[in-house]
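Shown next, in structure tokens, is the structure this report addresses.
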Amino acid sequence: MADPRLIQLDSVSALRAAAAGWDDLWLRSDVALPIARAELIAQWIEHCAPTAPVRAIAVEQNGQLVAALPLIGGRIKRVLPVARLPMNNCFWAGDLLLDPSPAGDEALRVLMGRIAHFGWPLLWFDAIPIEMPRWRRFIAAAKEYGFAVNMRDGFRVGQVEIDHNWGACQRHWSKNHRRQLGRIEKRADQMGGADLAVFRDIAPERVEALLRRGFEVEDRNWKGAAGTSVLRSPGSFGFYLRQARQIAERGELQLTFLEHRGQPIAFEYGWKAKGCYFSPKVGYDEAFARLSPGQMLRRRLFERFSSESDCHLVDFVGPLSDATSQWATTTYPVGRLVLNSGSRAGNLLDLAYRAGLPLLRRIRGLRQY
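To get the numbering used here, take the position in the sequence shown, counting from 1, and add 457.
Next comes the structure, spelled out in structure tokens:
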């Protein structure tokens, strides 16, 4: 067996050039999010961090990648220099990709050696699923190499395990939730009914019109009034359009509408890959709030999933909320992982972090996670 070989990708163009091997590892890994593919990471960097230094690293063995980690440079609250994953409060992209075989463990040791020489005092990874096997292996390798490891809880993400028996699926709901949905459906019938429209395998030339139609629904609620909807946030629609087109090329884009007399009153932007459906964005028309259109859309969509064989899990992606907790049958924790490389600056900052960041909070008013 050949020795593992480290590959460092120092630009967006280099990441794109390595897309074939990167995406092949994504297929073999336990990561289902489509946005962990190379092109979608590159698009995130171009939109959200165009001036950040890129330090994506990967390990190749026997002609294929067995580990990959997309790192960029950044500053926490404009003060603390760190290496981080390509994600922020608005958009996520990238994740640790790891071959499930034992070759992945050797590859992690190679990655740790390179990370230690990047020169960043801390590696600061927000919103990672810390209990997933790949991250457990990463943390074990970091400790073995000698990194100081700090973890803090963040939030929980809700999931719905799709039981392909609709009656059994409904029994997971609380009595109050079932009664509420019954009232909503009855009210919808009295007002002329509502229909679910699901778009999959979308031709490239149709993506823009459908996506705009969906985000116009989101714009007709409080987000539009506050100026925070996708259509009112500069550059956001363009970002989503590029992303949606890329995901649609692989047949993983799903755009779902709830329509009342032909008018869309709720919309969900979703991805469907590796048997999992992800729901990163949902919106509804506040003029139809009495129908709880977002909840009605999900009820009908989950009923459809229960009759299909290729979807086994729904992941709400973001923090568990009142709207998603009513559906969730399980949850998983997402948190912050901070690694100290052992440099003098890293040790000082690590000490401040362990103490609750009092010094940094005084400097720039930082908040704890």
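Every residue, glycine too, gets a C-beta built ideally from N, C-alpha and C.
A quick note: this is a predicted structure, and the numbers were derived from the prediction, not measured.
Given residue i as reference, the closest of the options once Cα atoms are compared
{"i": "Gln500", "options": "Ala597, Pro543, Gln518", "result": "Pro543"}
{"i": "Phe582", "options": "Asn622, Ile529, Lys600, Gly740", "result": "Ile529"}
{"i": "Leu773", "options": "Ala785, Ser766, Ser764, Phe762", "result": "With the sequence shown as reference, residue 773 is identified as Phe, and Leu is not the correct amino acid for it. Selected option, being the one with the closest Cα: Ala785."}
{"i": "Glu665", "options": "Arg657, Tyr697, Gln647, His634", "result": "Tyr697"}
{"i": "Arg512", "options": "Leu490, Ile533, Ala506, Ala540", "result": "Ala540"}
{"i": "Asp742", "options": "Leu710, Gly681, Leu555", "result": "Gly681"}
{"i": "Glu662", "options": "Ala550, Pro737, Gln703", "result": "Gln703"}
{"i": "Ser468", "options": "Asp487, Leu777, Ile492, Ile498", "result": "Ile498"}
{"i": "Gly775", "options": "Ser470, Glu673, Val795, Cys547", "result": "Cys547"}
{"i": "Pro586", "options": "Asp646, Trp549, Pro559, Phe604", "result": "Trp549"}
{"i": "Val795", "options": "Gln752, Pro538, Gly615", "result": "Pro538"}
{"i": "Met674", "options": "Asp552, Val739, Arg593, Tyr789", "result": "Note that residue 674 corresponds to Val in the displayed sequence, not to Met. When each option's Cα is compared against that of Val674, the closest is Val739."}
{"i": "Gly650", "options": "Glu706, Ala683, Leu715, Asn633", "result": "Leu715"}
{"i": "Gly624", "options": "Arg635, Arg594, Gln616, Gly561", "result": "Arg635"}
{"i": "Leu413", "options": "Gln711, His621, Arg594", "result": "There is simply no residue 413 to check, as the chain begins at 458 and stops at 826 in what is shown."}
{"i": "Leu472", "options": "Arg757, Ala525, His504", "result": "Ala525"}
{"i": "Val516", "options": "Gly531, Asp652, Val567", "result": "Val567"}
{"i": "Glu601", "options": "His621, Gly570, Gly611", "result": "Gly570"}
{"i": "Ser486", "options": "Phe656, Asp556, Ala723, Asp676", "result": "Asp556"}
{"i": "Val655", "options": "Leu466, Arg494, Ala474, Tyr726", "result": "Tyr726"}
{"i": "Val606", "options": "Ile596, Leu484, Gln627, Cys505", "result": "Ile596"}
{"i": "Leu710", "options": "Arg657, Gln637, Ile502, Gln518", "result": "Arg657"}
{"i": "Arg707", "options": "His621, Glu496, Gln647, Gly692", "result": "Glu496"}
{"i": "Leu834", "options": "Glu503, Trp483, Thr713", "result": "Since the displayed the chain opens at 458 and closes at 826, residue 834 lies outside it and no answer follows."}
{"i": "Ser690", "options": "Phe612, Phe672, Arg699", "result": "Phe672"}
{"i": "Gln752", "options": "Asn678, Leu777, Leu638", "result": "Leu638"}
DSSP beta-bridge partners of residue i
{"i": "Met544", "result": "Trp549"}
{"i": "Leu796", "result": "Leu580, Val606"}
{"i": "Phe714", "result": "Ala654, Phe724"}
{"i": "Gln521", "result": "Gln518"}
{"i": "Ile587", "result": "None, per the DSSP bridge assignment."}
{"i": "Arg494", "result": "Answer is none; Arg494 lacks a bridge partner."}
{"i": "Ile464", "result": "Ala515"}
{"i": "Leu555", "result": "Ala524"}
Cβ-heavy atom distance, residue i to the ligand ZN, below 8 Å
{"i": "Phe548", "result": "Only the bare structure without any ligand can be found here, which leaves the ligand ZN out of the picture."}
DSSP state of residue i mapped onto helix, strand, coil
{"i": "Cys768", "result": "coil"}
{"i": "Phe694", "result": "helix"}
{"i": "Arg801", "result": "No answer about Arg801 holds up, because its pLDDT of 48 lies below 50 and its placement is not dependable."}
{"i": "Ile596", "result": "helix"}
{"i": "Ile659", "result": "coil"}
{"i": "Leu528", "result": "coil"}
{"i": "Thr871", "result": "The requested residue 871 does not occur in the structure, where the chain is confined to residues 458 to 826."}
{"i": "Arg677", "result": "coil"}
{"i": "Ile619", "result": "coil"}
{"i": "Phe575", "result": "coil"}
{"i": "Arg512", "result": "coil"}
{"i": "Gly649", "result": "coil"}
{"i": "Thr781", "result": "helix"}
{"i": "Gly611", "result": "strand"}
{"i": "Arg628", "result": "coil"}
{"i": "Arg707", "result": "coil"}
{"i": "Val536", "result": "coil"}
{"i": "Val791", "result": "strand"}
{"i": "Ala666", "result": "helix"}
{"i": "Ser470", "result": "helix"}
{"i": "Val567", "result": "helix"}
{"i": "Gly671", "result": "helix"}
{"i": "Gly639", "result": "helix"}
{"i": "Ala506", "result": "coil"}
{"i": "Asp481", "result": "helix"}
{"i": "Gly719", "result": "coil"}
{"i": "Ala475", "result": "coil"}
Spatial neighbours of residue i in its chain, beta-carbon cut-off 7 Å, leaving aside the 5 residues before and after
{"i": "Glu563", "result": "Pro461"}
{"i": "Thr685", "result": "none"}
{"i": "Asp695", "result": "The identity of residue 695 in the sequence shown is Gly, whereas the question assumes Asp. Result list for Gly695: empty, nothing under 7 Å."}
{"i": "Glu760", "result": "Trp623"}
C-beta neighbour in chain D for residue i, strict 9 Å
{"i": "Leu526", "result": "No chain D is part of this structure, which consists of one protein chain only."}
Sequence-distant residues of the same chain with beta carbon closer than 8 Å to residue i, five excluded per side
{"i": "Arg443", "result": "This structure leaves residue 443 out entirely; the chain is present only between 458 and 826."}
{"i": "Cys768", "result": "Ile619, Lys729, Gly732, Cys733, Tyr734, Phe762"}
{"i": "Val488", "result": "Asp552, Leu553, Leu554, Arg591"}
{"i": "Ser798", "result": "Ile572, Ala573, Phe575, Trp577, Pro578, Leu579, Leu580, Phe604"}
{"i": "Gln616", "result": "Leu770, Val771, Asp772, Phe773, Ala785, Thr786, Thr787, Thr788, Tyr789"}
{"i": "Glu503", "result": "Val469"}
Own chain residues within Cβ distance below 6 Å of residue i, not counting five before or after
{"i": "Gly478", "result": "Leu522"}
{"i": "Asp610", "result": "Gly792"}
Only counting runs of 3 or more residues, tell me where the beta strand (DSSP E) segments fall wholly within the region 726 to 776, in order along the chain.
You should have 733 to 741, 770 to 776.
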